[in-house]
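S.K.:
Protein chains: 2
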Amino acid sequence: MSTLNDVARLAGVSTMTVSRVINDSGHTSPVTRARVNKAIAELGYMPNALARQLRSRRTKTIALVLTDITNPFFTTLARGVEDAARTRGYAVMFCNTDESELEELEYVRVLIQRRVDGILLVPATSSSGSLQLLHDHGLPVVVIDRRAHSWQVDQIRTDSEAGAYSLVRHLLDLGHRRIAVLAGPQNVSTSADRVAGYHRAMDEQHLPPESQQVIFGEYNEASGFEMIQRVLASSPRPTALFATNNFIAFGAMRALHAAGIRTPEDMSIAVFDDLPAGWTFDPFLTVVSQPAYEIGRQAAELMLGRLASDQPIDPRTVVLPSALIVRRSTAPPPPENAASSWEPTAATPREAPSLALQTSGPTENHA
Amino acid sequence: MSTLNDVARLAGVSTMTVSRVINDSGHTSPVTRARVNKAIAELGYMPNALARQLRSRRTKTIALVLTDITNPFFTTLARGVEDAARTRGYAVMFCNTDESELEELEYVRVLIQRRVDGILLVPATSSSGSLQLLHDHGLPVVVIDRRAHSWQVDQIRTDSEAGAYSLVRHLLDLGHRRIAVLAGPQNVSTSADRVAGYHRAMDEQHLPPESQQVIFGEYNEASGFEMIQRVLASSPRPTALFATNNFIAFGAMRALHAAGIRTPEDMSIAVFDDLPAGWTFDPFLTVVSQPAYEIGRQAAELMLGRLASDQPIDPRTVVLPSALIVRRSTAPPPPENAASSWEPTAATPREAPSLALQTSGPTENHA
DNA sequence: GCGGGCAATGTTATCGTTATCAGTCTTCCG
DNA sequence: CGGAAGACTGATAACGATAACATTGCCCGC
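Heads up: the sequence lines are chains U and X, in that order.
With the numbering used here applied, the first sequence corresponds to residues 1 to 367, in that order.
With the numbering used here applied, the second sequence corresponds to residues 1001 to 1367, in that order.
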């Protein structure tokens, strides 16, 4: 692969002159420029970005460290980051931590070594180690989606508390009084905030503690499935569920389906996080939807603005609103006296045959 | 940020010795190693990957250039690539081309400049320009998902023709005789192959040309919606549809829903591409499912194997099978004499109220 | 006792750019 | 016509690491 030197020799000028031409940094005569450009074209010369980055101490690269890109919320967010970064000439590196603090730290180390200009981070639980390390190395950080405890970094997230409040309010307005929460990990701020929003809505109604049921699990389908078992074992049973993310909701729905409990006739379910529009021809779940693309875009903007500025910028926190979308998974509760008579015999799954295919069929082997 | 030199000075050794220690390349005494490691810890030294890469002429980075990461097929595939790359110490850069040959070429240029070790490419239409450029610069390429014409590169994809054949065979076995294809772009190989599989199945039955209807569009929801209008305008109308990707299917379902045509009672629909398991609690569509994660993983393996080998490797082509999953969107056709009497008045959407919310609700603003 | 072999360490050049400073050549004005 | 300002160009030294070769010191066997 040809270098600046090759171009310089072919054009009969010095390397600096070629450098000036390709960087368009002035002080070159039109004649020289033409000669150099001709040589560049002739050789198919491509500047070596590594050498440039080493010399100029900027890589024009940012990293997006998140928990799992296959979660559609993060996929859309990632797209927002990439689009914003690209228009400013930045490249993006994506890293999946799978909610592991160790993986996260490992990635942060690699990214520091690769000298990325900044990191957009969805912290795995309380990842103070990574933030400390990044701080020590003077790398700018934007914390996305989750709250960072007491660190002086930019932050951007949805208002989880308010979103949860509006979702639970909606259930209360329908007449529900016993509402259970299927929460994510207790030490993840989004989960905690959504539970807080739930408590605020419930407390406003002066509902007794026994109306409130909070179950902590994980943000995935299997956990949603499990948590339902505990709901069904409780007595009196809740008439509505609040799932704090979409994967939990899917697991819950599958479990209810399997138990012969109909939604929303027997039990309502309201969910934090929507699926992207167009992925379902007939959306069913009542949700609070987050502006995922916009979060990603603005996170990148926060970072790029900071990188472009030549003076220090005070840490900023952006909290975006969510939107309640009422669909068909929520309805008024069944009459109170019928509450104890739910039996699998009375309710068969609406469309039985498909279920086995979903769970056992040869689908994605996402090991 | 401290350098090798700083460490060397602090440890009282030469830079080469430090280099030997951090690379574990032998010829260092335990005493020296300890001293160096102490100095490294003291300074919080992080090797500069840029300098290493410049000197060693390898970046340990590969790129995945695809059309749109928000397509769940590609998201899962990307995850497979990342997981495989990471276990071998490689980083991955993701790039979205949005099916634009120009964007693709732009990205390829950037990636060459950044000296990535290799590129995994989902070519946008017939992107011979990018492949030529990559070839000229001696960069190894793995073409994913789509066929590359006549270029000597590794390739990996699903057997689209066979998958389409089995899907159409399934429709024929149910008794359908007039089946329309909602295809993607004519010049994208997956689309062409799926249409070819359709033709093979239809021709086997010696069906007259007028039974066959192929409509070319794009791989997105809007296009699926549009294509249905042409299906509905045709006479005699087909009794079944074959959508060549999931987005097309979603658009088609929305359009059928809007037109008051029931699935599968009035019209069956069979689809290429599934949604990841666990994203829907009650999957409805009969599909052919691709092993997306595995495609990504193996694509990365092909590349990394080539990069690790010190001798040339002949181009390889891997074609993975797809899996037919029969669900509820396909059924035998309605009685023939009723075929011409379909009128919106006779069929109201099963669950009407939700539709407006889907299309006009404040969901992701994915601009 | 001496040369060969080997482990440990150091020196120098280099990867491909750009920053910096130092020329050279016009040009223009007094 | 001389000199200074300005435009253009080049030489040299980094950026931070590693490759390649050189050196030192020690052990060993004959």
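Glycine residues also receive a C-beta, built at the ideal position from the N, C-alpha and C atoms.
Is S1341 of chain X helix, strand or coil when you go by DSSP?
M.R.: As a first step, residue 1341 of chain X must be located in the second sequence, where it is residue number 341. Because the pLDDT of S1341 of chain X is 42, which lies under 50, any placement of that residue in the model is unreliable, and the number read from its coordinates should be weighed accordingly. Three-state result, S1341 of chain X: helix.
S.K.: List, in chain order, every chain X residue whose beta-carbon is nearer than 7 Å to that of T75 of chain U.
M.R.: Taking the first residue of the first sequence as position 1, residue 75 of chain U is located at position 75. Ordered by position in chain X, the residues that pass the 7 Å Cβ test against T75 of chain U are I1069, T1070, T1075.
S.K.: How many Å lie between P208 of chain U and S329 of chain U at the Cα?
M.R.: Taking the first residue of the first sequence as position 1, residue 208 of chain U is located at position 208. Taking the first residue of the first sequence as position 1, residue 329 of chain U is located at position 329. Going from the Cα of P208 of chain U to the Cα of S329 of chain U covers about 25 Å.
S.K.: Q229 of chain U and A255 of chain U - do their beta-carbons sit closer together than 9 Å?
M.R.: Translated into the one-based positions of the first sequence, residue 255 of chain U becomes position 255. Translated into the one-based positions of the first sequence, residue 229 of chain U becomes position 229. In this structure, A255 of chain U places its C-beta atom within 9 Å of the C-beta atom of Q229 of chain U.
S.K.: Between the stretch 295-310 of chain U and chain X, which residues of the former have a C-beta closer than 8 Å to a C-beta of the latter?
M.R.: none
S.K.: Would you be able to state if there are at least three C-beta pairs under 8 Å between the stretch 130-143 of chain U and the stretch 94-114 of chain U?
M.R.: With the cut-off at 8 Å, the stretch 94-114 of chain U and the stretch 130-143 of chain U touch.
S.K.: State whether the stretch 1270-1286 of chain X contacts the stretch 1043-1059 of chain X, with contact taken as three or more CB pairs (one from each stretch) at a distance under 8 Å.
M.R.: no
S.K.: Answer yes or no: does any C-beta atom of chain U fall closer than 9 Å to that of F1281 of chain X?
M.R.: The sequence position of residue 1281 of chain X within the second sequence is 281, counting from 1. At least one chain U Cβ lies under 9 Å of F1281 of chain X.
S.K.: Can you check whether the C-beta of N48 of chain U is within less than 9 Å of a C-beta belonging to chain X?
M.R.: Indexing the first sequence from 1 puts residue 48 of chain U at position 48. Yes - at least one Cβ of chain X is within 9 Å of the one on N48 of chain U.
S.K.: Output needed in chain order: residues of the stretch 98-126 of chain U with a Cβ under 8 Å from some Cβ in chain X.
M.R.: R109, V110, I112, Q113, R114, R115
S.K.: Is the beta carbon of P1283 of chain X closer than 9 Å to that of P1072 of chain X?
M.R.: Taking the first residue of the second sequence as 1, we reach residue 1072 of chain X at position 72. Taking the first residue of the second sequence as 1, we reach residue 1283 of chain X at position 283. No. Outside cutoff.
S.K.: Is the stretch 159-174 of chain U touching the stretch 242-254 of chain U, taking contact as three or more C-beta pairs under 8 Å?
M.R.: yes
S.K.: Drop a sphere of 10 angstroms on the beta-carbon of G12 of chain U, count the other beta-carbons inside from all chains shown, and report buried for 16 or more, exposed for fewer.
M.R.: Counted from its first residue, the first sequence places residue 12 of chain U at position 12. By the 10 Å Cβ count, G12 of chain U comes out exposed.
S.K.: Between P315 of chain U and D266 of chain U, how many whole angstroms is the CB-CB distance? I'm expecting something under 8 Å.
M.R.: In the first sequence, counting from the first residue as 1, residue 315 of chain U sits at position 315. In the first sequence, counting from the first residue as 1, residue 266 of chain U sits at position 266. Actually they do not touch by this definition, with Cβ atoms about 48 Å apart.
S.K.: So A78 of chain U contacts chain X; which residues on that side make the cut at Cβ distance below 7 Å?
M.R.: For the purposes of this step, residue 78 of chain U is taken as residue 78 along the first sequence, with counting starting at 1. Result: I1069.
S.K.: I want to verify the contact list: residues of chain U whose CB lies under 9 Å from the CB of N1096 of chain X, in sequence order.
M.R.: What you label residue 1096 of chain X is simply residue 96 of the second sequence in a count that begins at 1. Within chain U, the residues near N1096 of chain X are R79, E82, D83, R86.
S.K.: Take R297 of chain U as the anchor and find which of U:A196, U:T280, U:V288, U:L320 has the nearest alpha-carbon.
M.R.: If you number the first sequence from 1, residue 297 of chain U lands on position 297. Cα-wise, what sits closest to R297 of chain U is U:L320.
S.K.: With DSSP collapsed to three states, give me the class of T67 of chain U.
M.R.: Translated into positions along the first sequence, residue 67 of chain U becomes position 67. Correct three-state label for T67 of chain U: coil.
S.K.: State yes or no: is the beta carbon of A51 of chain U nearer than 9 Å to at least one beta carbon in chain X?
M.R.: On the first sequence, residue 51 of chain U is found 51 positions in, with the first residue counted as 1. Yes, its Cβ sits closer than 9 Å to a Cβ of chain X.
S.K.: Taking buried to mean at least 16 other C-beta atoms within 10 Å of its own C-beta, is G26 of chain U buried or exposed?
M.R.: Against the first sequence, residue 26 of chain U aligns to sequence position 26. That one is exposed.
S.K.: Taking the straight line between their C-alpha atoms, what separation do you get for G1175 of chain X and A1162 of chain X?
M.R.: Here the question's residue 1175 of chain X lines up with position 175 in the second sequence. Here the question's residue 1162 of chain X lines up with position 162 in the second sequence. Each residue's alpha carbon lies about 20 Å from the other.
S.K.: Taking all protein chains shown into account, do 16 or more other C-beta atoms lie within 10 angstroms of the C-beta of V1122 of chain X, making it buried, or fewer, making it exposed?
M.R.: The residue labelled residue 1122 of chain X in the question sits at position 122 within the second sequence. It is buried - the Cβ of V1122 of chain X has at least 16 other Cβ atoms within 10 Å.
S.K.: Determine contact between the stretch 30-45 of chain U and the stretch 2-16 of chain U, defined as no fewer than three beta-carbon pairs at a distance below 8 Å.
M.R.: yes
S.K.: Helix, strand or coil for G118 of chain U? Go by DSSP, reduced to three states.
M.R.: By 1-based counting over the first sequence, the position of residue 118 of chain U is 118. Strand, per DSSP.
S.K.: Report the residue from X:E1336, X:V1318, X:R1327 whose alpha carbon sits nearest the alpha carbon of V1142 of chain X.
M.R.: The count along the second sequence starts at 1 and reaches residue 1142 of chain X at position 142. Answer by Cα proximity: X:V1318.
S.K.: According to DSSP, is A34 of chain U helix, strand or coil?
M.R.: Here the question's residue 34 of chain U lines up with position 34 in the first sequence. Per DSSP, reduced to three states, the secondary structure at A34 of chain U is helical.
S.K.: Around the Cβ of M1016 of chain X, are there at least 16 other Cβ atoms within 10 angstroms (buried) or fewer (exposed)?
M.R.: Counting from 1 along the second sequence, the entry for residue 1016 of chain X is found at position 16. M1016 of chain X should be labelled exposed.
S.K.: Work out the CA separation of D1159 of chain X and S1289 of chain X for me, nearest whole Å.
M.R.: Against the second sequence, residue 1289 of chain X aligns to sequence position 289. Against the second sequence, residue 1159 of chain X aligns to sequence position 159. So the two alpha carbons sit approximately 11 Å from each other.
S.K.: Please go through the same chain and pick out, in chain order, the residues whose beta-carbon is closer than 6 Å to the beta-carbon of S211 of chain U, but skip the five residues on each side of it.
M.R.: Locating residue 211 of chain U in the first sequence gives position 211, where the first residue counts as 1. Answer for S211 of chain U: R177, R178, listed in chain order.
S.K.: Can you find the residues in the same chain that come closer than 6 Å, C-beta to C-beta, to N220 of chain U, ignoring five residues on each side of it along the sequence?
M.R.: Looking up residue 220 of chain U in the first sequence gives position 220. Closer than 6 Å at Cβ, skipping near neighbours: F247.
S.K.: Does V1092 of chain X get closer than 9 Å to chain U when you measure Cβ to Cβ?
M.R.: Here residue 1092 of chain X is taken as the residue at index 92 of the second sequence, counted from 1. Yes, V1092 of chain X lies at the interface with chain U (some Cβ there is under 9 Å from its Cβ).
S.K.: Could you tell me whether the Cβ atoms of P291 of chain U and A323 of chain U are closer together than 9 Å?
M.R.: The residue labelled residue 291 of chain U in the question sits at position 291 within the first sequence. The residue labelled residue 323 of chain U in the question sits at position 323 within the first sequence. The Cβ atoms of P291 of chain U and A323 of chain U lie closer than 9 Å to each other.
S.K.: Which residues in chain U have a C-beta closer than 9 Å to the C-beta of A1137 of chain X? List them in chain order.
M.R.: What you label residue 1137 of chain X is simply residue 137 of the second sequence in a count that begins at 1. It is worth fixing the name first, because residue 1137 of chain X is His in this sequence and not Ala. The answer, in chain order, is M1, G44, M46.
S.K.: Work out the CA separation of N1005 of chain X and S1373 of chain X for me, nearest whole Å.
M.R.: Past the edges of chain X, shown from 1001 to 1367, lies residue 1373 of chain X, and the structure says nothing about it.
S.K.: Classify I1228 of chain X as helix, strand or coil using the three-state DSSP reduction.
M.R.: For this step, residue 1228 of chain X is matched to residue 228 along the second sequence. I1228 of chain X falls in the helix class under three-state DSSP.
S.K.: Ignore the nearest five residues each way along the sequence and tell me which others in I295 of chain U's own chain have a CB closer than 8 Å to its CB.
M.R.: Taking the first residue of the first sequence as 1, we reach residue 295 of chain U at position 295. Counting only Cβ-Cβ distances below 8 Å, and skipping sequence neighbours, we find L77, G80, I144, D145, I156, R157, T158, L320.
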